[in-house]
Structure formats: C-alpha cells, structure tokens
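S.K.: So that you can map any letter, position 43 of the sequence shown is 43 in full-length UniProt numbering, and since no number is skipped, the others follow by simple counting. Structure below; questions to follow.
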Amino acid sequence: SRPVCIGTNGRMSVPSNREHHYQNLRDRYTNCTYVDGNLELTWLQNKSLDLSFLRDIREVTGYVLISHVDVQRILLPSLMIVRGRNLFKLNVHDEEFALIVTLSKMDNLELPALRDILRGNVGFFNNYNLCHVRGVQWDEILSGPPAHMVYVYNFTQPERTCPPCDASCRGGHCWGEGPHNCQKFSKVNCSPQCHQGRCFGPEPRECCHLFCAGGCVGPKQSDCLACQNFYDDGVCKQECPPMMRYNPNTYSWEDNPDGKYAYGATCVRDCPEHLLRDSGACVRNCPPNKKAQHGECVPCDGPCPKNCQGVNIVNSINIELFRGCTIIEGSLTILDSTFSFGPRYEEMDPSKLEVFSTLKEVTGYVNIQASHPNFTSLSYFRNLEVIGGRTLTEYFAALYIVKSSLKSLNLRSLNKIRSGSVAILENKDLCFADSVDWYQVMKSSAHNILLQRNANRTDCEAQNLVCHSQCSTSGCWGPAPNECLSCKSYRLEDTCIEKCDTSKGIYDNGNYVCKHCHEECLGECYGPGANNCTQCRHVRDGPYCVRECPDTKYNQSGECMPCHENCIGGVVCLFSFLCELAVTPENFLSRFREEDHLPAILASAGGCILLLGVFLAVFSYHWVQRAKTKENTMKMTMRMSGFEDNEPLKPTDIKPNLAQLRIVKEAELRKGGILGYGAFGTVYKGVWVPEGENVRIPVAIKVLREGTAPNTNKEFLEEAYIMASVDHPNVLKLLAVCLTSQLMLVTQLMPLGCLLDYVRNNKDKIGSKPLLNWCTQIARGMAYLEEKRMVHRDLALRNVLLQTPGCVKITDFGLAKLLDNNEFEYKAAGGKMPIKWLALECIQHRIFTHKSDVWAFGVTVWELLTYGMRPYENVSARDVPDLLEKGERLNQPSICTIDVYMIMIKCWMLDAGSRPSFKELAEEFAKMARDPGRYLVVSGDKLMRLPSYTPQDEKELIRNLSMPMEGPEVIMDAEEYLQPTR
1 SRPVCIGTNG
11 RMSVPSNREH
21 HYQNLRDRYT
31 NCTYVDGNLE
41 LTWLQNKSLD
51 LSFLRDIREV
61 TGYVLISHVD
71 VQRILLPSLM
81 IVRGRNLFKL
91 NVHDEEFALI
101 VTLSKMDNLE
111 LPALRDILRG
121 NVGFFNNYNL
131 CHVRGVQWDE
141 ILSGPPAHMV
151 YVYNFTQPER
161 TCPPCDASCR
171 GGHCWGEGPH
181 NCQKFSKVNC
191 SPQCHQGRCF
201 GPEPRECCHL
211 FCAGGCVGPK
221 QSDCLACQNF
231 YDDGVCKQEC
241 PPMMRYNPNT
251 YSWEDNPDGK
261 YAYGATCVRD
271 CPEHLLRDSG
281 ACVRNCPPNK
291 KAQHGECVPC
301 DGPCPKNCQG
311 VNIVNSINIE
321 LFRGCTIIEG
331 SLTILDSTFS
341 FGPRYEEMDP
351 SKLEVFSTLK
361 EVTGYVNIQA
371 SHPNFTSLSY
381 FRNLEVIGGR
391 TLTEYFAALY
401 IVKSSLKSLN
411 LRSLNKIRSG
421 SVAILENKDL
431 CFADSVDWYQ
441 VMKSSAHNIL
451 LQRNANRTDC
461 EAQNLVCHSQ
471 CSTSGCWGPA
481 PNECLSCKSY
491 RLEDTCIEKC
501 DTSKGIYDNG
511 NYVCKHCHEE
521 CLGECYGPGA
531 NNCTQCRHVR
541 DGPYCVRECP
551 DTKYNQSGEC
561 MPCHENCIGG
571 VVCLFSFLCE
581 LAVTPENFLS
591 RFREEDHLPA
601 ILASAGGCIL
611 LLGVFLAVFS
621 YHWVQRAKTK
631 ENTMKMTMRM
641 SGFEDNEPLK
651 PTDIKPNLAQ
661 LRIVKEAELR
671 KGGILGYGAF
681 GTVYKGVWVP
691 EGENVRIPVA
701 IKVLREGTAP
711 NTNKEFLEEA
721 YIMASVDHPN
731 VLKLLAVCLT
741 SQLMLVTQLM
751 PLGCLLDYVR
761 NNKDKIGSKP
771 LLNWCTQIAR
781 GMAYLEEKRM
791 VHRDLALRNV
801 LLQTPGCVKI
811 TDFGLAKLLD
821 NNEFEYKAAG
831 GKMPIKWLAL
841 ECIQHRIFTH
851 KSDVWAFGVT
861 VWELLTYGMR
871 PYENVSARDV
881 PDLLEKGERL
891 NQPSICTIDV
901 YMIMIKCWML
911 DAGSRPSFKE
921 LAEEFAKMAR
931 DPGRYLVVSG
941 DKLMRLPSYT
951 PQDEKELIRN
961 LSMPMEGPEV
971 IMDAEEYLQP
981 TR
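Set out below in structure tokens:
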C-alpha cells in the first residue's frame, strides 16, 4: 500500500561517475515513502544539487548514512522512523550507528518529523558547518536501551556560531531556524505510568499503546503515528495475523482466512511479486533445504535442485564442480586417470566421489573404467535414480562398467534407465551384477544386457557377498537389507524386514509396507497420525499427541485443558484461572509459555494462591463491568448528541489525485477524417475551438460507437480517468471529455502518426541513435506508469505515437488498469487479448502486472529493431503459449548486438520476478544511446539522417491536417495552449 523502494549498501565507496550517482539516487527515491534497507547519501559535493526528491521518505528500515555531502541544507521533512535493522560501524569506533553524518559541509540537517530510532546510536563526525544537532534532545528519539549520541569535531578552526531556535520551540530544541523545525516530543514528558513508552499528553491516561513507535494521537493501537513491530490496515500489532489457526473442534491447524504475511514492518495479504512466501513472511531468498516453487518456499525432497554440466573425465580439478548437484546435463566418466595424478592435476582418493551423493539423474551415460584399492563400490551414487541415455558409449551402453576394482554396485536408488544397454564386463571382483533383474530397470526393450567375465558366484558366496535374506528374487545391489530391488516380506522405508514389530514403534500400513509411528508417539501405535498413539511423548490434546498445548489451553498432567473463558485475545494461560498478556517489544518475539505446576504450588502455598485467585476474579469482574458501563454511556451520549460515526476511518498513504478533467461542449469540436479505430470507437482528426477564444487547436477525437453496452461506457470513462491522471513527456495526456450521447475523448494530435508506420516507411533513414532514443523514451514512459501503479496491458509499437522524430508518446489506454493501494496484479475476466505481445502468465491465467508490461516492452523493442516486422509472423496465436513454454523466443534482430538482445531475453523470462524493472530498462537504454554504434550495427549508420522535420514543418503538417476544418481562429498547439508559461 505504501510506495516502497529498495535501499543501498555501498557504505562510503566513491562512485565512478558523480553525475550518474546523483541521477540514480534521484530515480531511486522519487515518490518513495518506505525505504527497505539503508538510506545512503554520499559524495554529493555540488552545493547546487536539488535533494527535494527525499521529501516523501517516511521510514527507513536500516540505517541513514550522510557522508561527503556539501549541499547547504539537507531536508527530510517526512522522515519519522529509523528502525536500525542494519547498523553502520566505523572501523575506529565500537558503536554501531542508525544515523551517522560524517565529513560533510552542510549547514543544517533538518529532520523535523523524526520521532523514533528503534535501534542503534547516532554519530556526527567532523562536519565543518553543521548546526543544531547538539541542541536536539536525543533521549526523546533514541529507543534502544544503551543508545546514545556521539559528536566529534577535530578541526583547529572553531565551530561556527549557530542561529538560535525559534522562540516557540520547547526547551530550545530544534533542527534549524523557524517554528517548523522545532523538535516534537512524545516521550520525555510522559507520565511514569507510560513505562517509558510514548504519550500524547502528560496525564496517566494519555499513554500511547505499547505497540506504537514515534508517538500517537490517542490510546488505541489504531492511534499510533508509526508501529513498533507491524502495521496491519491502520492498526499496530505485535505480529501479523498467522496464516494458520488452531481449530479446537478438530484438534488441528487450518488456513486462517484473515492471515497475512509480514513484509518488512507491514502485514500484507500477499507478497510483492519479486519476493517469496515463507513461514508467514515475505523473503528475498528461500532458507536452506527449501526451494522456490510458484512464489513460495517449499521443503526440498532431499537435496534442493541444482543442475550441473557433465565433463569428459572426472578428476581432482573438476570434482568440486559437482558438489550439491542433483542433475547432471551430460555424461559421467571415471577412468584410471581420475585417481592418478597428471601434469596439470593432483592425485585423488575415491572418497572425493562423495560429492555425487546428492545426484539423482544423469541425462547421458555413466562410464566406469577405473581401478583403485579404495574404489570397491558405487555407494557414492546411492541416490542416483535415473540414467537418461540421451548419449551412449560403445556397445550403445547407458551404464558401462568395464575392468574396474568394484566389488559391489550399491546403486540402491537406481530405478530407471530410459534408453541404452547395460554393459558390465571384465570386473574380476564384482559381485551382485548378475543377481539384478535389469529388465525392471531398463525402459527400452531395444537394447541388450551384457554381463561377462565378472566375479563367479562361488567366490562371492565365500566372501558373503550375497543378497540379504529379506530380498526377493529380483536381486540386489549389495549385501545390506536396504539394497534389495524388492522385498520378500515387508518394507520399512527403503529397508526390507521380516514383519512390522509394533514394539519398535512401527505399524502395518497395508500392502506389505511398514511405517514409523508419529514422532509424538511414545513407543507403540496402531495407525498413522498423532491420534493413534498408545502413549504421548509430550502432551495429549483431545485424541492427538502434540509437542505443547495451544495458547488457548494449559498442561495438566500431560493433558491439554481449556483456559478460563476470560483468557482470550493475545493472552496465554499458565493454569486454568491465571492469564498472562503476551506483550513484548520489537526484536524480542519469544512468547512465554510454561507448563502448569499447579499441584506443587498448591502443596507449598495452597491457601495464599486460592485467596489471590478469588481476589483477582472479583477485581476483574468489577473492572469489566465498570468498563462496559462506561462504554455504554459513551455510546448513548453519542447517539443522543448525533455524533455517532458507524464508518471507521482507514487512511492510506496514497496521495490525492489532483488531475484536472476538462468538459467541453460538442459545439467546440469539429470532426474531420478518420485516423483509425480503437477498442471502443472511432478516432477522428479534428480541431478544438474553446468557447470565447480565438484559437483553433488540432486534436484527435475518439468517439464511442453508437449502441454500445452500458459497461462499455464505464470502460470508456475508465480510459479517460487514466489518461487524465498521467503527466509525462512520453505518455499521451487527455485534453478534454465531451459528454454527449456519444462520449468523446479529446487528445493532442500526433501529426507523424504511430511509430510502427514511421519506421516501416523510413527504414533506410533511421540509424542507431534514434532507435535507442525511442527505446529509452518508451521505457521512461512505462517507468512513470509503473510508479503510478498503472498496468498498460496493450503496449506495442502500434500504440506508440510520434509527436516529433525526437519525441514519442505511449497511448491507447483502452485496456489499462490502475491498481489499488493493496494490489500487485490485475486479473482480467475475459475479452480479446494481443496474444503475441503477452507474457505466458497473461495468456494462461489472465494475470497482468508491471512485469507482464515488461514482456510486452521486449516485443515492442523487437518490432522497433526489425523496422516493424510482425512478431511470430508464421505462427498462429493459439500455438504461441506452447512455443513459449518450450523455451522458444523471437530471433535476434539483424542489427542488434548480443548486449541489446540479452536485455530483450531478460524481458521474456518465464519467471516474472526475474524480469528487469522499467527504471532499470530506461537506465540501460539511456546508457546505450550515448554510444549507439557500439550496440546497434546499422549499415551506413553514420550517413543516415531522419527525414527533415522543423517546427515550421510541424505547423505546416498540422495546418494540412486541419484544412477541411478551416476557420478564422489562430492555430495553436495543445501544449502551447494548456501550458503557456512553460
């Protein structure tokens, strides 16, 4: 709901280009209210730099660093909270800082709204002219227990004399001159009953709620200016509503319809598209042993997936490349040279092959031709399940083991050889190979099994290298009971056993399969789940064995018993009648739980506890009754006085939309010829003659078709709303609306038409520079729409118009949608869609986001760099989704270098979160436009010139377009008419 920007972690590193560094800061923090990370303002040594883009920043989750900044006055008028989740540490100081200012020549650092620094110290080191910071009462702002302010000035020149604070400032504490810079107080003057928290007045009943940070306007959780822990729809909470809740009727956990994810210090219904969901929180990366799947972190089935490329021969140089691999794309070859040393690699012990213990699949073949005293089994490949056989060795073998020192195979997980034969030859010590039923493993009947001159059965039996007694006749990979291909009796996980022995904590699950009892069972059980235990390991909740009782119950002799009915809403009970409020400050989220020791307590101090309980019960009853009476009296007073408000306020941080919508009369418009057709109507060229003025403005008039449905009128006005809300040089703005029986939208006339026709008609005159300039302008226009939370949904070269050869504008907002403050995507209900410009998630699920617009931008750039070719020209629209799923994309344009094509490829990633943002795209293309010949190779580039187009040409073209609508008025451009002072 709040415009979030990602902070930086550059510390004090010197930027290579100071101008680009400033531009990046400005782009990053413009319209930003919530900095996720650190706010670092460094190396801004031009005194005339404009830092007004910092005015909206309200909260920083990390630290604030200001270093080598010489701008005379730094103003952060809205900054209220610095959380200090990351802290800055100087090498020469032990302290860690949440706010640090060093080696700067500014006169003033004005933070008039700063109320709270939740963690960390404040430091000012060797700033030449800085005033007033020592006059700020930092005890009011610093909330961390040991936090303090450090001030160092090591120059020989005395500090400058600072002007006094305004007379209205309490105690002479301020951030600078003027009453607006007076320090605000909500802590140091509070009543002792506020327990060192915040308050909105000096009286005991004027304390802020404990979950507030920075102050409040009333006593409730909804009255906080900011939140200590989490902000949830206008209310401060200690934790976000959990995604699961306990159902006492079924004794189980179920989905909580009110559950929300923790995103920084905010509770959200769903995580932003660039983050993953994990354990009720939005995270950037999955923790160990979890993998990302459909935007969520899920436990890996064994080792987490990791694909690796095969090599010619495994040796000591490349062995570590395979650590953690689950799939090898290619083949594996282990020869004598694997273990011996060579001119460029060292000797390797077979134990190093343990890196393959995570391997599950080899897509090619496995070739083993190695001898070594310690190389006696293939147990290193114990988790290998599949050999693909996409490439085969001699004898057309997918598994090729020849002249090795192996004694057993130990490939206990191998269950599939997709293609290719099995060749196991001349391994004089190898047993078990002839016992395996290879036809169970091989999926292709077209290949043979070659087993020759391996160890004879008599020698194997003499060494007890035979299958375990619990293996079936299908054979085995080795002598252990967990190396059977199938079991004679029962199977427990991967081990063959004689029977399911309940005394060992296992039970018969049917189909000759035994399973372990639930982990909460103590000893025996008679079925699956925690409700079939004979005894519980910890406590019993109804029929279920659980580790601990839920919050609504307490432990009485191993049984979970319900708490007293008064123990509700954020409390835990220690035994039936004693409740404890679960309130903790930030960074201390552990909830106190304790088993009930009631029998021991009663034995030692029974009478005292009983009397205390009676006293508390009576006191609580009277207190509740008094509160109810007071509340009812207040409600009655409100009803009698007429001030009852049944609709609570839910303010957001979204700014009002102050765009102006002009309504014009039909008589002011004169239509000419048809320019084209849109989704809802026809577009005419025309002129607008404002009533009472002697001017004639060339315009495009979009007229809604007659006989359209009421819903079409609504969608037509939605387009008008979006077009009226935009104000950017590369986005077409609405001029006016005419509300006749046929609705009309009036926009500026673009005399050169759409960019698609222009590049097709002027192919031989367009060089690299204008192409990259146009890409940059389109990206900037889309970045602006992204900032305004608008999803275009129909970006294509046909919807980019040319005002002049040097300026393009994005148009056609017939499909555009404005996302609400808590939305990150729009789900379309139906209708036609431009399939060949859409991302796969749009086609399959009708989900549209800013990232799906990025995909369409990639196609638009492809159109531009191919001079107007049609994407997927020889592919029908219905076949496009299959083509995209198989990994096929538009070909690299002939003039396009790999640098530009890689940007297009990034736009077409199936994972929307992996696509770049429009801000990043604008920066990339702007950089390329400064050296166009390096990135686009156009034949005769240096000799190319766009068709001549002067301001006089533009006026002449507009005059020709408006000739059929001649009049006595003076022709005037729309921008000139609407903004005469610019």
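Backbone N, C-alpha and C fix where the C-beta goes; we use that ideal spot for every residue, glycine too. Note that the coordinates shown come from a computational prediction; the quantities given were computed from them, not determined experimentally.
Quick one: measure Cβ to Cβ for V900 and S768, integer angstroms, because I've assumed they're closer than 8 Å.
M.R.: Taking the first residue of the sequence shown as position 1, residue 900 is located at position 900. Taking the first residue of the sequence shown as position 1, residue 768 is located at position 768. 10 Å between Cβ atoms; not a contact.
S.K.: Compare the Cα-Cα distances from N108 to each of L99, L87 and C131 and report the closest residue.
M.R.: Residue mapping note: residue 108 aligns to position 108 of the sequence shown, counting from 1. Nearest option by C-alpha distance: C131.
S.K.: If we ignore side chains and look at the alpha-carbon of each, how far apart do R284 and Y34 end up?
M.R.: On the sequence shown, position 284 is the one that residue 284 refers to. On the sequence shown, position 34 is the one that residue 34 refers to. If I take the Cα positions, the gap works out to 17 Å.
S.K.: Three or more C-beta pairs closer than 8 Å, one from the region 849–858 and one from the region 898–917: is that the case here?
M.R.: They touch, by the three-pair rule.
S.K.: Within the continuous alpha helix (DSSP H) that includes A926, where are the two ends?
M.R.: Position 926 of the sequence shown holds residue 926. Counting along the chain, the alpha helix (DSSP H) containing A926 begins and ends at F918 to A929.
S.K.: Name the two residues that bound the continuous alpha helix (DSSP H) containing R915.
M.R.: The sequence position of residue 915 within the sequence shown is 915, counting from 1. No alpha helix (DSSP H) holds R915; DSSP gives it neither H nor E.
S.K.: Between the beta-carbon of L41 and the beta-carbon of L79, is there less than 8 Å?
M.R.: In the sequence shown, residue 41 corresponds to position 41, counting from 1. In the sequence shown, residue 79 corresponds to position 79, counting from 1. Not in contact: L41 and L79 (Cβ atoms no closer than 8 Å).
S.K.: Can you look up V133 in the DSSP assignment and give me helix, strand or coil?
M.R.: Looking up residue 133 in the sequence shown gives position 133. It is helical.
S.K.: Looking only at C-alpha atoms, which of C308, T102 and N891 sits nearest to S67?
M.R.: Locating residue 67 in the sequence shown gives position 67, counting from the first residue. It is T102 whose Cα lies nearest to the Cα of S67.
S.K.: Between the alpha carbons of A446 and W438, how many angstroms are there, rounded?
M.R.: Looking up residue 446 in the sequence shown gives position 446. Looking up residue 438 in the sequence shown gives position 438. One C-alpha to the other measures close to 13 Å.
S.K.: With burial defined as no fewer than 16 other Cβ atoms inside 10 Å of the residue's Cβ, what is the status of L409: buried or exposed?
M.R.: To locate residue 409, count along the sequence shown from 1; it is residue 409. By the neighbour-count rule (16 or more Cβ atoms within 10 Å), L409 is buried.
S.K.: Just to check my reading of the structure: V731 and L785 have Cβ atoms closer than 8 Å, yes? What is that Cβ distance to the nearest angstrom?
M.R.: Within the sequence shown, numbered from 1, the residue matching residue 731 stands at position 731. Within the sequence shown, numbered from 1, the residue matching residue 785 stands at position 785. Confirmed, about 7 Å.
S.K.: Tell me where the alpha helix (DSSP H) around V64 begins and ends.
M.R.: Within the sequence shown, residue 64 is the residue found at index 64, counting from 1. Taken as a continuous stretch (DSSP letters only), V64 belongs to no alpha helix (DSSP H), being part of the beta strand (DSSP E) at V64 to V69.
S.K.: Are the CB atoms of V355 and E320 within a distance shorter than 8 Å?
M.R.: In the sequence shown, residue 320 corresponds to position 320, counting from 1. In the sequence shown, residue 355 corresponds to position 355, counting from 1. Going by C-beta atoms, E320 is nearer than 8 Å to V355.
S.K.: Assuming L492 and I506 make a contact with CB atoms under 8 Å, what is their CB distance in whole Å?
M.R.: Position 492 of the sequence shown, counted from the start, is the residue given in the question as residue 492. Position 506 of the sequence shown, counted from the start, is the residue given in the question as residue 506. The pair is a contact, with the Cβ atoms about 6 Å apart (cut-off 8 Å).
S.K.: Within 10 angstroms of the Cβ of A265, are there 16 or more other Cβ atoms? Answer buried if so, exposed if not.
M.R.: Against the sequence shown, residue 265 aligns to sequence position 265. Buried, since its Cβ has 16 or more Cβ neighbours within 10 Å.
S.K.: Any idea if N511 is buried or exposed, counting beta-carbon neighbours within 10 angstroms, 16 or more meaning buried?
M.R.: What you label residue 511 is simply residue 511 of the sequence shown in a count that begins at 1. It counts as exposed.
S.K.: Assuming N307 is part of the beta strand (DSSP E), what are its boundary residues?
M.R.: Within the sequence shown, residue 307 is the residue found at index 307, counting from 1. From DSSP, the beta strand (DSSP E) with N307 extends over N307 to Q309.
S.K.: Just verifying my parser: in three-state terms, what is the DSSP assignment at G10?
M.R.: Residue mapping note: residue 10 aligns to position 10 of the sequence shown, counting from 1. G10 falls in the coil class under three-state DSSP.
S.K.: Tell me the rounded alpha-carbon separation between Y380 and K360.
M.R.: On the sequence shown, residue 380 is found 380 positions in, with the first residue counted as 1. On the sequence shown, residue 360 is found 360 positions in, with the first residue counted as 1. Y380 and K360: Cα-Cα distance of roughly 11 Å.
S.K.: From the DSSP output, in three-state form, read off M80 for me.
M.R.: For the purposes of this step, residue 80 is taken as the residue at position 80 of the sequence shown. It is coil, neither helix nor strand.
S.K.: Along the chain, which unbroken stretches of the alpha helix (DSSP H) at least 4 residues long are found entirely within the region 305–374?
M.R.: If we require 4 residues or more, the alpha helix (DSSP H) runs fully inside the region 305–374 come out as 336–339.
S.K.: Just reading off the beta strand (DSSP E) that I57 is part of, what are its end residues?
M.R.: The count along the sequence shown starts at 1 and reaches residue 57 at position 57. Premise fails: I57 is in no beta strand (DSSP E) and is neither H nor E.
S.K.: For L87 and N555, what's the separation of their Cα atoms in angstroms?
M.R.: As a position in the sequence shown, residue 87 is number 87, starting the count at 1. As a position in the sequence shown, residue 555 is number 555, starting the count at 1. Approximately 42 Å, taken between the alpha carbons.
S.K.: I'd like the ranges of any alpha helix (DSSP H) spanning at least 4 consecutive residues and lying wholly in the region 444–488.
M.R.: Entirely contained in the region 444–488, the alpha helix (DSSP H) runs reaching 4 residues are, in chain order, 457–462.
S.K.: How many Å lie between P241 and G259 at the Cα?
M.R.: Here residue 241 refers to the residue found at position 241 of the sequence shown. Here residue 259 refers to the residue found at position 259 of the sequence shown. The straight-line gap from Cα to Cα measures roughly 5 Å.
S.K.: Please tell me whether A462 and L430 are closer than 8 Å, where the distance is taken between their beta carbons.
M.R.: What you label residue 462 is simply residue 462 of the sequence shown in a count that begins at 1. What you label residue 430 is simply residue 430 of the sequence shown in a count that begins at 1. No, the Cβ-Cβ distance between A462 and L430 is not below 8 Å.
S.K.: Can at least three beta-carbon pairs, one atom from the region 924–934 and one from the region 757–777, be found at a separation below 8 Å?
M.R.: Yes, they touch.
S.K.: Quick one: what's got a C-beta closer than 6 Å to G176's C-beta in the same chain, skipping five residues either side?
M.R.: As a first step, residue 176 is located in the sequence shown; it is residue number 176 there, counting from the start. These residues qualify, in order along the chain: N108, E110 and H132.
S.K.: Starting from the Cα of G7, find the closest Cα among I57, S16 and V699 and give me that residue.
M.R.: For the purposes of this step, residue 7 is taken as residue 7 along the sequence shown, with counting starting at 1. Out of I57, S16 and V699, I57 has the C-alpha closest to the C-alpha of G7.
S.K.: Output needed for N532: all residues of its chain with C-beta closer than 6 Å, excluding positions within five of it in sequence on either side, in chain order.
M.R.: Your numbering for residue 532 matches position 532 in the sequence shown. Correct list, in chain order: C525 and Y526.
S.K.: Assign P479 to buried or exposed, taking buried as 16 or more other Cβ atoms, counted over all protein chains shown, within 10 Å of its Cβ.
M.R.: As a first step, residue 479 must be located in the sequence shown, where it is residue number 479. By the neighbour-count rule (16 or more Cβ atoms within 10 Å), P479 is buried.
S.K.: Between L936 and I905, how many whole angstroms is the CB-CB distance? I'm expecting something under 8 Å.
M.R.: Residue 936 sits at position 936 when you count from the first residue of the sequence shown. Residue 905 sits at position 905 when you count from the first residue of the sequence shown. The pair is not a contact, with the Cβ atoms about 16 Å apart (cut-off 8 Å).
S.K.: Which stretch, first to last residue, makes up the beta strand (DSSP E) that contains F97?
M.R.: Position 97 of the sequence shown, counted from the start, is the residue given in the question as residue 97. Run containing F97: E96 to T102, per the beta strand (DSSP E) assignment.
S.K.: Can you find the residues in the same chain that come closer than 7 Å, C-beta to C-beta, to W862, ignoring five residues on each side of it along the sequence?
M.R.: Position 862 of the sequence shown, counting from 1, holds the residue named residue 862. The answer, listed in chain order, is P871, L890, P893 and M904.
S.K.: For the structure I just gave you, are there three or more beta carbon pairs, one from the region 206–214 and one from the region 154–173, closer than 8 Å?
M.R.: Judged by Cβ distances under 8 Å, the region 206–214 makes no contact with the region 154–173, as fewer than three pairs qualify.
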